[in-house]
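Chemist: Numbering (UniProt numbering), first residue to last: 1 to 1259. Ideal Cβ placement from N, Cα and C applies to all residues, glycine included.
#1: Thinking residue 814 and residue 808 are a contact (beta carbons under 8 Å), I'd like their distance in whole angstroms, please.
#2: Tell me where the alpha helix (DSSP H) around residue 942 begins and ends.
#3: Would you kindly report the start and end of the unbroken beta strand (DSSP E) that includes residue 216?
#4: Three or more C-beta pairs closer than 8 Å, one from the stretch 213 to 226 and one from the stretch 192 to 203: is that the case here?
#5: Assuming residue 412 contacts residue 384 under a Cβ cut-off of 8 Å, what Cβ separation, rounded to an integer in Å, is found between them?
#6: Starting from residue 1267, trace the alpha helix (DSSP H) in both directions and tell me its first and last residue.
#7: Return the first residue and the last residue of the alpha helix (DSSP H) that residue 973 is part of.
#8: For residue 745, which option in 389, 416, 934, 841 has the closest C-alpha, if you only look at C-alpha atoms?
#9: Using CA atoms only, rank isn't needed, just tell me which of 1164, 871, 916 is closest to residue 1150.
#10: Could you name each continuous beta strand (DSSP E) segment of 3 residues or more that falls completely within the stretch 848 to 877, going from the start of the chain to the end?
#11: If you draw a straight line from the alpha carbon of residue 1251 to that of residue 1173, how long is it in whole angstroms?
#12: Identify, in the order they occur along the chain, each residue of the same chain with its Cβ nearer than 6 Å to the Cβ of residue 1346, setting aside the five sequence neighbours on each side.
#13: What residues in its chain sit with their C-beta under 6 Å from that of residue 1249, if we drop five residues either side in the sequence?
#14: Starting from residue 345, follow its DSSP beta bridges and name the residues at the other end.
#15: Residues in the same chain with beta-carbon distance under 7 Å from residue 955, minus the five sequence neighbours each way, listed in chain order, please.
#16: With a threshold of 16 other CB atoms inside 10 Å of the CB of residue 552, please say whether the residue is buried or exposed.
#17: What does the alpha-carbon distance come out to for the pair residue 356 and residue 480?
#18: By how many angstroms is the C-alpha of residue 1007 removed from the C-alpha of residue 519?
#19: Would you give the residue range spanned by the beta strand (DSSP E) that residue 211 belongs to?
#20: Please state if the CB of residue 563 and the CB of residue 707 are separated by a distance shorter than 8 Å.
#21: What is the rounded straight-line gap between the Cα of residue 215 and the Cα of residue 857?
#22: Apart from the five residues on each side of it in sequence, which residues of its chain come closer than 8 Å, Cβ to Cβ, to residue 752?
#23: Please say whether residue 529 and residue 376 have beta carbons closer to each other than 8 Å?
#24: Can you tell me where the beta strand (DSSP E) with residue 506 in it begins and where it stops?
#25: Short check: CB of residue 1010 to CB of residue 949, under 8 Å?
#26: Any idea what DSSP makes of residue 733, helix, strand or coil?
#27: Report all residues from its chain with a CB closer than 7 Å to the CB of residue 587; omit the five preceding and five following residues, and keep chain order.
#28: Can we say the stretch 768 to 778 touches the stretch 790 to 809, given the rule of at least three CB pairs closer than 8 Å?
#29: Could you say which of 763, 1228, 272 lies nearest to residue 232 if we only look at CA atoms?
#30: On the DSSP bridge list, what partners appear for residue 792?
#31: Can you tell me whether residue 762 is buried or exposed? The criterion is at least 16 other CB atoms within 10 Å of its CB, across all chains shown.
#32: Please report the residue range of the alpha helix (DSSP H) in which residue 756 lies.
#33: Is DSSP giving residue 597 helix, strand or coil here?
#34: Three-state secondary structure (DSSP) at residue 327?
#35: Given a cut-off of 8 Å on the beta-carbon distance, is the pair residue 998 and residue 971 in contact?
#36: Would you kindly check if the distance between the Cβ of residue 712 and the Cβ of residue 859 is under 8 Å?
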């Protein structure tokens, strides 16, 4: 059986009908058949090929060749022959696939063709051919994108001269040269064809068959499924252009291009970032098709792991609520000289064409590019535009950022940055764009059609005036001039990039400019986003197991996008945080009983993606059905939200105007310009107000007022009245717009069509009288034509001789009168002009909506904020969640959590019906601000520190938190250094990653930050690691002074820092219980028995000494007794070490996951080794080595202490020995208590002996 998607049909050579010989040839082996006839397969002879996995094979219709290119349809759906010879294959030495198997070049056009059975004599590698046929890999070993971008060149014949190209082939070559780097899909009839390397690359993604047809390598897909296949190619990372006919058959016949081919142009261009904003946006496919496209994207990217999770990864148009940012990156090196320059100034501009959001930032970044990485992780771009020249570090980061985002990597495109490097050139380009008139649909006065003559644009965001204003080009230009220079250069590059897509207007009027990070928002570093698993888990890149998974209970796609922005940029402003918390609290307490709030979530659940809908309408890419449904949603919004309108109500306590609502939403929602869609001040005075009686939260009142803006509903109703809803549902642009004086061209051609139809209708009575047939009627036949006259067979003698016979059946003959033929030409020409006029009228109608875009967008953003607040309210209703309390900004930084829990781990444990162990946290900026945490491996240290950070982030997002109580001051940032992983793609080792991240923390953290360092220094030797850990922690505690959680396995770090700074540093450990297994208990009993047996001589000696008379003991006897006691103590310590070794090897450590004060006695790494099921012999050996190493370390430590004590005694004057000994005793007691009850008996005996000697000396 042939592979799926490959079809063959046996046909006689050169004939249109398959003969017996051709049918027999079609039954032979698939491999021999195709390879044996490379120049013209039987399937290619009939114009048929694989249509893809989802489309049945269609036989090509035979059409008559004509000089005018006329076909069977008015739109020129003629065969390739009508274009002058067909779509022929490129004459070249083809390397079809990565296995290097060559396909013979096509024969010349006039050369005879051999039968398939005799064409190939060489043996065929069938396995290699199957791999090549199914597109197992690109020919160059890459992803094929560079090959697809290559221009198509004509092939050579046997003499070395270029083969003659048909007129259509010349069009293809010229289009490829005109649009370099674009994969072109050419519509030819009902087929959408690709040629040359485009066909090779596309066939691997679409899994279609590619064949040679004279001068071009060709593959095709059905036009009616083109949107599906374009999505697959775009998801695979290609830039896809669609080439269509721009003239119809009737217009062509009436014009000057009667004998030439149809004029074709690239009418659409698609990439990941622009797909949803273009003509294919809003297309709904079945889940299987979406998953298939995602899998195809992953396969084209060449990653097995990526393929496994591609179906759930972020893809354009795939998961609802995903963003498709296009990010332009411009950088400038800092300093000059011969040495390598690593620090750079970076300018970023990100635009989401389908939503109108624009972010910008300029900053200085170091060698690790951590600031750039954090901003890219937040935006999760679908496409990157890099201005060259760029540094290798930046280029490597952009090329591999997809590995951290999960799913398919962003498409990376480079552009020449030299044209805007000269000072002033970027500003000139931007000024030309903003000063270029009102091409974006705004009116001549610059007001955008809203009636506001003094509109402004606040690119910094956050002001109420900007939130309610309407952008005018002049005001926008003035604001753009204040942008940083590198941002201006990035904006200029974005304008150049978006112009071929016709989407650049979003940067003029529709965009909501906002800074990437402002002073009013918490800063989350790249490590924080990744290591705390804010947006995706670290195991497979999915959302489950992340903080977003816990918080996301949104009902709409636009609400989900806004919630992601809230989580990635938590608030720092205390009033704004409290406003969100007040809204969430009211939704929790009254959401089910309130007449307005109770209807909020059900109303949101029914909404489509309104944000992308209004932006697509602004881009004039909406379909009639999509736009009509959009307007209907806005008309129904006030009623769906349960907000009643009351004319003339002015009470400030019960109503809020839509302008004020939009302004407040922009500030309180934490989004710069989030309410930048309000309306003008002049038009709000007489506007009906909405009744919000009973809603207490100021934020809820503002958002509900903006979402239920009655002026928006009225504007939607007005535009809806101009549409024929029945035609809109069918996407019938010919009839969707009702007759109006606004579209005179459309009215003119409608009248012309009606006149042509009436002229044809007037001919029918004449023909009835002429033929004397009273029942004569015009008829239409599929694929034959309209206005045919069927005359009964017995009456055909009455038919005039100038009537053209069309066809005949048993009961009659069909004719076409010459007057009808001329009338049909007039009608077809009028209809095609009407189609063009209706398309222009529809674009003009959508352009009128562009003048009202901002109020509509403001209502959508208010709905998005309401959806986010409802999502947080759902979480707040969960058991064990409380409202966090924020202290005044004048208070010192602090974080106090009572019985806090990890929000993600708790939810995962609940799925397994397990419970999370809560812990308290107390960090105070002017007190104990640092916790040094030790404990067993897998004891819960990292989980505890992540819990603290996530609770702080959730609180500043405006969410309730999983704790019994939480009191904090708003933090300005959370910085983490956790885990141990290298980054080979970026050339970073594990230890280099550790130190690079630590360096960034030390340079950016402030006293109002939360810093988490997990096992710093483990990437190098123990001595160096402990030194770096202690020095770093000392720097943080003494100089930077942030709230710090420091995890370490170096207990000496705890002792020294706590001793030096007891008021600022506290030592904590994760509690555990040590249990011995049965084997370990038996060994311990045996060791105790051996100890008792071996200690008999000592007992006898002790008894003999006691039998001596009192007073006969000498000084030598007392010294021998002390020696015996020391020996016993040494044996006791050896037995303790053996017991510890046995416990390490055979014991069990029970984790209590409870944070208590103190230092952990050990890390119990052997316990983890046993849990990992290492062999018993390995565990025994490791336990013995650990015991020996510990004993040696203790011996060295004891010797060092003895030397230090002796030196101190020699240096101390007389009379201070007692004080020194007392201090040492106190230190010994403190160490014993900190060790959790473990006593250093040898050191205690030494102190006791020294005390005796001191007493004897003093006496």
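Modeler: Concretely, from the data shown:
#1: For this step, residue 814 is matched to residue 814 along the chain shown. For this step, residue 808 is matched to residue 808 along the chain shown. That pair is a contact at about 7 Å.
#2: Walking along the chain shown from the start, residue 942 turns up at place 942. Residues 941 to 957.
#3: Translated into positions along the chain shown, residue 216 becomes position 216. 216 to 222 is the span of the beta strand (DSSP E), which, as asked, contains residue 216.
#4: Cβ pair count under 8 Å is three or more, so yes.
#5: What you label residue 412 is simply residue 412 of the chain shown in a count that begins at 1. What you label residue 384 is simply residue 384 of the chain shown in a count that begins at 1. Rounded, the Cβ-Cβ distance is 5 Å, consistent with contact.
#6: A query on residue 1267 cannot be resolved here, the shown segment of the chain reaching from 1 to 1259 and no further.
#7: For the purposes of this step, residue 973 is taken as residue 973 along the chain shown, with counting starting at 1. Under the DSSP assignment, residue 973 falls outside any alpha helix (DSSP H), being part of the beta strand (DSSP E) whose first and last residues are 973 to 977.
#8: To locate residue 745, count along the chain shown from 1; it is residue 745. In terms of Cα proximity to residue 745, the closest of 389, 416, 934, 841 is 841.
#9: Within the chain shown, the letter at position 1150 stands for residue 1150. Here the closest residue by C-alpha is 1164.
#10: none
#11: Taking the first residue of the chain shown as position 1, residue 1251 is located at position 1251. Taking the first residue of the chain shown as position 1, residue 1173 is located at position 1173. The straight-line gap from Cα to Cα measures roughly 50 Å.
#12: The structure shown does not extend to residue 1346, since the chain spans only 1 to 1259, so no value can be given for it.
#13: Along the chain shown, read from residue 1 onward, the residue named residue 1249 stands at position 1249. For residue 1249, where only same-chain residues beyond five positions count, there are no Cβ hits under 6 Å.
#14: As a position in the chain shown, residue 345 is number 345, starting the count at 1. 332, 364.
#15: Working through the chain shown from its first residue, we reach residue 955 at position 955. 884, 961, 966, 968.
#16: Reading the chain shown from its first residue, position 552 is the one you call residue 552. Residue environment for residue 552: buried (at least 16 other C-beta atoms within 10 angstroms of its C-beta).
#17: As a position in the chain shown, residue 356 is number 356, starting the count at 1. As a position in the chain shown, residue 480 is number 480, starting the count at 1. Taking the straight line from one Cα to the other gives about 16 Å.
#18: Counting from one through the chain shown, the residue named residue 519 turns up at place 519. Counting from one through the chain shown, the residue named residue 1007 turns up at place 1007. About 15 Å.
#19: For the purposes of this step, residue 211 is taken as the residue at position 211 of the chain shown. Here the beta strand (DSSP E) through residue 211 covers 211 to 213.
#20: Along the chain shown, one-based indexing puts residue 707 at 707. Along the chain shown, one-based indexing puts residue 563 at 563. Cβ distance not < 8 Å, so residue 707 and residue 563 don't count as in contact.
#21: Here residue 215 is taken as the residue at index 215 of the chain shown, counted from 1. Here residue 857 is taken as the residue at index 857 of the chain shown, counted from 1. Each residue's Cα considered, the two are about 51 Å apart.
#22: Taking the chain shown and counting its residues from 1, one reaches residue 752 at position 752. 830, 833, 834, listed in sequence order.
#23: In the chain shown, counting from the first residue as 1, residue 376 sits at position 376. In the chain shown, counting from the first residue as 1, residue 529 sits at position 529. Against a cut-off of 8 Å, the Cβ pair of residue 529 and residue 376 comes out as no contact.
#24: Within the chain shown, numbered from 1, the residue matching residue 506 stands at position 506. Looking at the DSSP string, residue 506 is not in any beta strand (DSSP E), and its letter there is neither H nor E.
#25: Within the chain shown, the letter at position 1010 stands for residue 1010. Within the chain shown, the letter at position 949 stands for residue 949. Contact: yes.
#26: Numbered from 1 along the chain shown, position 733 holds the residue referred to as residue 733. Per DSSP, reduced to three states, the secondary structure at residue 733 is coil, with no helix or strand assignment.
#27: Here residue 587 is taken as the residue at index 587 of the chain shown, counted from 1. So the list reads 597, 869, 870, 873, once near-sequence residues are dropped.
#28: yes
#29: Here residue 232 is taken as the residue at index 232 of the chain shown, counted from 1. With distances taken between Cα atoms, residue 232 lies closest to 272.
#30: If you number the chain shown from 1, residue 792 lands on position 792. In the DSSP output, where bridge partners are listed per residue, residue 792 has 812.
#31: Against the chain shown, residue 762 aligns to sequence position 762. Its Cβ having fewer than 16 others within 10 Å, residue 762 is exposed.
#32: Along the chain shown, one-based indexing puts residue 756 at 756. Residues 744 to 771.
#33: Against the chain shown, residue 597 aligns to sequence position 597. The answer is helix: DSSP assigns residue 597 an H, G or I state.
#34: Counting from 1 along the chain shown, the entry for residue 327 is found at position 327. Residue 327 falls in the strand class under three-state DSSP.
#35: If you number the chain shown from 1, residue 998 lands on position 998. If you number the chain shown from 1, residue 971 lands on position 971. No.
#36: As a first step, residue 859 must be located in the chain shown, where it is residue number 859. As a first step, residue 712 must be located in the chain shown, where it is residue number 712. Yes. Within cutoff.
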